[in-house]
Amino acid sequence: MAAMKKVLVAAVVAAFAAFIGHRFLKVKEMVLAFREIPVKHLNCHYLQNIEYGAEDITILRDGLAFLSTGLKYPGLPSFSDEPGKIYIMDLLHPKPTPVELQIKGELDLTDFNPHGISVYIDEADDSVYLFVVNHPQHKSQVEIFHFVEENTLVHLKTITHPLLHSVNDIVAVGVESFYATNDHSFTNEALHFVTVLLGLHWCDVVYYSPKEVRVAASGILSGNGINISPDKRYIYVSDIINHEIKVYERREGEQLVHLKSVAVGSLCDNIEVDHRTGDLWLGCHPNAVKISPYNPEDPPGSEVIRIKNIHSVQPVVTQEYADNGHVLQASSVAVPYEGKLLIGSVFHKALYCDLK
355 MAAMKKVLVA
365 AVVAAFAAFI
375 GHRFLKVKEM
385 VLAFREIPVK
395 HLNCHYLQNI
405 EYGAEDITIL
415 RDGLAFLSTG
425 LKYPGLPSFS
435 DEPGKIYIMD
445 LLHPKPTPVE
455 LQIKGELDLT
465 DFNPHGISVY
475 IDEADDSVYL
485 FVVNHPQHKS
495 QVEIFHFVEE
505 NTLVHLKTIT
515 HPLLHSVNDI
525 VAVGVESFYA
535 TNDHSFTNEA
545 LHFVTVLLGL
555 HWCDVVYYSP
565 KEVRVAASGI
575 LSGNGINISP
585 DKRYIYVSDI
595 INHEIKVYER
605 REGEQLVHLK
615 SVAVGSLCDN
625 IEVDHRTGDL
635 WLGCHPNAVK
645 ISPYNPEDPP
655 GSEVIRIKNI
665 HSVQPVVTQE
675 YADNGHVLQA
685 SSVAVPYEGK
695 LLIGSVFHKA
705 LYCDLK
């Protein structure tokens, strides 16, 4: 009997070890540890004043671009001790140059740590509101600003909520309402790693408004970029570790119904949507295992992926830019505008490219 127990215990231990080993190999596949990326460059130059990344970028129809810089995030390299900043750039100017926005109000800027951003324009008076994910002391909160002049933001409100515990990105759908992705199922890093290791799809999308806060969609391994279609009917979410973009339809009461998932073959960070065509542009990490630990001799690469006709039976997924890290490291966002393309990164630089 004792011998049988020993055999059973040994079998259970061996099965568990095999399972954990399999999951570790799966995690390596998820971070594309074995992928070699071919170089595919565009005619680009570095943006002035952007030295510590442009983790997220969004462009208005009139060519005004907002950029968040200086992100400090657990597990990722950071090369600046200064607080993060928000820049603005006029793409209709003959020589567009990012200019730091001045922030007024009661927000403590000594630990400003901007991450994902989104803009909402109030059709009633054309007021521009900038929503910024902020991680002061690695907390998770959303700041709402009013863009009032050429180079000024006025801080209006800080939003915190237990459901907004690990916000990565947001898409504004009202003056004070938005959808947000959580990239962790637990705030504890060790517990989150266990969920990834076990392949548990426990991350979610949260809908926030002053009247209600609730989970709008779930079943995500690690939520990252989020954006909305030009007609406001669909929400797109990057499940970064699953290498796919999830498509949701907005229903009555701000319910999100999952319609499909589109494989992209890379760890895609932020999502931007072409205002004219509805194409999705993704800033991606082709070999994320190189981001942490960071080795300047073997830096993480960059990749831009485009999805055309995402609502068709066969969306067209194409690689528009790729670099091995010698030009741009850790790309996180790509935004087209009038034949040009802005490519931002987590901690490196930003590129201004010609698509024509």
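For what it's worth, the numbering used here labels the leading residue of the sequence shown as 355, then goes sequentially. We put the CB at the ideal spot given by N, CA and C, even for glycine. In this text, all values refer to a predicted model and were calculated from it rather than measured experimentally.
Beta-carbon contacts of residue i that lie in its chain and below 7 Å, excluding the five residues immediately before and after
i	result
residue 508	458, 459, 499, 500, 502
residue 682	656, 697, 699, 702, 703, 705
residue 611	602, 603, 605
residue 494	518, 519, 520, 521
residue 690	628, 635, 709
residue 389	640, 641
residue 439	423, 424, 454
residue 584	627, 629, 632
residue 449	none
residue 546	538, 539, 540
Rounded C-alpha distance that separates residue i from residue j
i	j	result
residue 481	residue 567	24 Å
residue 588	residue 534	14 Å
residue 711	residue 396	Since the first residue shown for the chain is 355 and the last is 710, residue 711 is missing from the structure and cannot be characterised.
residue 377	residue 613	Note on residue 377: pLDDT 48, under 50, position unreliable in the model; no value is reported.
residue 433	residue 406	7 Å
residue 727	residue 556	No answer is possible for residue 727: the residues shown for the chain start at 355 and end at 710.
residue 391	residue 680	12 Å
residue 632	residue 624	15 Å
residue 528	residue 651	45 Å
residue 379	residue 386	Low confidence applies here, because residue 379 scores a pLDDT of 48, under 50, leaving its location unreliable; read the following figure in that light. The straight-line gap from Cα to Cα measures roughly 11 Å.
residue 551	residue 469	25 Å
residue 478	residue 541	38 Å
residue 428	residue 544	12 Å
residue 649	residue 643	11 Å
residue 443	residue 574	34 Å
residue 473	residue 653	32 Å
residue 413	residue 645	27 Å
residue 590	residue 418	23 Å
residue 411	residue 647	25 Å
Contacts around residue i, its chain only, beta-carbon distance under 6 Å, and the 5 residues preceding and following it disregarded
i	result
residue 586	none
residue 401	452, 704, 706
residue 398	705, 707
residue 475	482
residue 549	539, 556
residue 693	709, 710
residue 506	456
From the options, residue whose alpha carbon lies closest to that of residue i
i	options	result
residue 709	660, 409, 510	660
residue 491	506, 423, 478, 464	464
residue 485	518, 524, 564	524
residue 721	564, 599, 563	The first residue shown for the chain is 355 and the last is 710, placing residue 721 beyond what the model contains.
residue 420	504, 549, 670	504
residue 510	478, 422, 461	461
residue 668	574, 615, 648, 653	615
residue 564	483, 583, 532, 476	532
Cβ-Cβ distance between residue i and residue j below 8 Å
i	j	result
residue 700	residue 430	yes
residue 536	residue 519	yes
residue 393	residue 641	no
residue 572	residue 554	no
residue 471	residue 496	no
residue 581	residue 618	no
residue 488	residue 425	no
residue 561	residue 530	no
residue 597	residue 576	no
residue 559	residue 517	no
residue 713	residue 409	A question about residue 713 goes unanswered here, because the residues of the chain that appear run from 355 up to 710.
residue 663	residue 671	no
residue 622	residue 666	no
Neighbourhood of residue i by C-beta distance below 8 Å, restricted to the same chain and skipping five residues each side
i	result
residue 658	635, 636, 637, 638, 673, 674, 675, 676, 685, 688, 695, 697
residue 416	446
residue 403	441, 451, 452, 453, 454
residue 526	472, 473, 474, 483, 485, 532
Residue i beta carbon near the ligand GTP (any heavy atom closer than 7 Å)
i	result
residue 521	With respect to small molecules bound, the structure shown includes none, and the ligand GTP cannot be examined in it.
Return the chain-ordered ranges of every beta strand (DSSP E) run that is complete within the region 586-627 and spans a minimum of 3 residues.
588-593, 598-605, 609-617, 621-627
Report the start-end ranges of each beta strand (DSSP E) in the region 465-489 that is 3 residues or longer and not cut off at the edges.
Counting whole runs of 3 or more residues, the region 465-489 contains the beta strand (DSSP E) stretches 468-476, 481-488.
Jot down the residue ranges of each uninterrupted beta strand (DSSP E) in the region 533-593, minimum 3 residues, whole runs only, in chain order.
Here the runs fully enclosed are 557-562, 567-574, 577-582, 588-593.
If you scan the region 662-694 from start to end, which runs of the alpha helix (DSSP H) of 4 or more residues do you find wholly inside it?
The region 662-694 contains no whole alpha helix (DSSP H) run of 4 or more residues.
Which whole runs of the beta strand (DSSP E) in the region 385-457 are 3 residues long or more, in chain order?
397-400, 410-413, 418-423, 439-444
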